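The structure appears below as structure tokens.
In the working numbering, the protein residues as written are 114 to 190.
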């Protein structure tokens, strides 16, 4: 497993950093491409819906749920 990679984004006017393993960054980029939104906008959506959990954790959970839903729909994520 790879070490986490830290990237910074501006969400709702505030700079924040997220640390994710390369596989999660790749999956997040692919999901953003499929939804035709920039990664930063997708992260902002995840942030708005995350509740009390940390943002990195919320992104990991979102990626997992996104691909599980895709598997249920017949392989489309």
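Quick reminder that beta carbons are idealized off the backbone N, C-alpha and C, glycines included.
Source: prediction; values computed, not measured.
If you compare the alpha carbons of 142, 118, 149 with that of residue 131, the shortest gap goes to 118. Around the beta carbon of residue 133, a 10 Å sphere encloses 16 or more other beta carbons of the protein chains shown; the residue is thus reported as buried.
Under DSSP, residue 118 forms a beta bridge with 133. Inter-residue distance for residue 161 and residue 135 is about 23 angstroms (C-alpha atoms, whole angstroms). Distance from the CA atom of residue 122 to the CA atom of residue 129, rounded to whole angstroms, is 5 angstroms.
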